[in-house]
Structure formats: structure tokens, C-alpha cells
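Read the structure below first, then the notes.
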Amino acid sequence: MQIFSTFEYSSYIELAVSDLERKGIKKEDIFIVPLNNRTENRRFFDSLHRSDGVSLIDLGMALATAFSVIGASIGFKLSWGPIYWGIISAFIGFILGLGIKLFIFKVIRKNQRLLRGKHSEVILIVDCHAADAEAVEQTLWKNLALGVSKVGSDSEI
Numbered sequence: 002m003q004i005f006s007t008f009e010y011s012s013y014i015e016l017a018v019s020d021l022e023r024k025g026i027k028k029e030d031i032f033i034v035p036l037n038n039r040t041e042n043r044r045f046f047d048s049l050h051r052s053d054g055v056s057l058i059d060l061g062m063a064l065a066t067a068f069s070v071i072g073a074s075i076g077f078k079l080s081w082g083p084i085y086w087g088i089i090s091a092f093i094g095f096i097l098g099l100g101i102k103l104f105i106f107k108v109i110r111k112n113q114r115l116l117r118g119k120h121s122e123v124i125l126i127v128d129c130h131a132a133d134a135e136a137v138e139q140t141l142w143k144n145l146a147l148g149v150s151k152v153g154s155d156s157e158i
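Numbered per our numbering, the sequence shown spans residues 2 to 158.
Now the structure itself:
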């Protein structure tokens, strides 16, 4: 039976491995795979087939609506009329909202990501007998595993 678990890269992995070795699991039956961090920056604009769920134009559209209402209202007193001033102010509101969102994502959120740091995860694979599976699983959970899964043949489960 194999037990897969994921950990954040920390000292808890070493504690889990030492606990497993104390319980009789051999070093040859423990396999640790570190995951690599993302080296390239995230794509800023979404494509037709891929989206990250972050919208850049939502604030721009809201400000465009608000500015167009205000611009059209003021436009009754101005020389070009309410339609032109509504369109002009909607464009200004959209550009302002887009600029605010770009600033938030490029500057503020990037600084928050740098302060938090990027920690990759580590996959720990333990090959053990079905009788030891419950003890191994409890040891991994006790040492703050992010997730644990058991895989075995039908005769072992």
C-alpha cells in the first residue's frame, strides 16, 4: 500500500520522516519529492480558453456607468450636450477604473505576495503494509500534512 501526502516546505517533514522511521518504516520505503516554484510571472490578460477568475474591467465598468450618468446630467448645461459628455465621461471613468485595478494588481498584490513569500509544497510517498497504514496516516496528520491519500490493491484494502 502506498500513502501519499503533501506538506508545506518546513521542518514538519523531517519530524514526520523520523516518526515513521521510529515506527518501523524503512528509509527505502519513504520517498520525498519537492515541487518547483513558478518561475514565470502570471499572465496579466486572460485568453479565450483560459481565465484565472480575476477581472480587470469590473471597476472600470462601474466607474464608466457612474461617470456617464454624472456626465450626461452635467452635459445638459454644456455646449456639446448630454450624449457627448456622457460618452466622454464614461470613457474617463473606464480608464480611471482600469488604471486603479492595474495599480492594485501590479503594485499592491505583488508586494503582498513578496512579503508572504512563495513556499512550494513537498510530496511524501510512504510504501507500507496495509496493517501499518492507519498508524502512518495518523503520523502524517499529526505532523501537519496538508492532505493524505491511500492507494492500494483490492486485496489489501
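Glycine included, each C-beta is placed from N, C-alpha and C at the ideal position.
Q: Check Ile58 in the structure and name its three-state DSSP category.
A: coil
(Q) Restricting to runs no shorter than 3 residues, where is the beta strand (DSSP E) found entirely within the region 74 to 102? (A) none
Q: Output the distance between the C-alpha atoms of Gly25 and Val108, rounded to the nearest integer angstrom.
A: 51 angstroms
Q | Nearest residue (CA-CA) to Gln139, options Ser11, Asp20, Ser12 | A | Asp20
Q: Starting from Leu16, trace the alpha helix (DSSP H) both ways and give me its first and last residue.
A: 13 to 23
Q) Taking the Cβ atom as the reference point for each residue, do Gly148 and Ser6 lie within a distance shorter than 8 angstroms? A) yes
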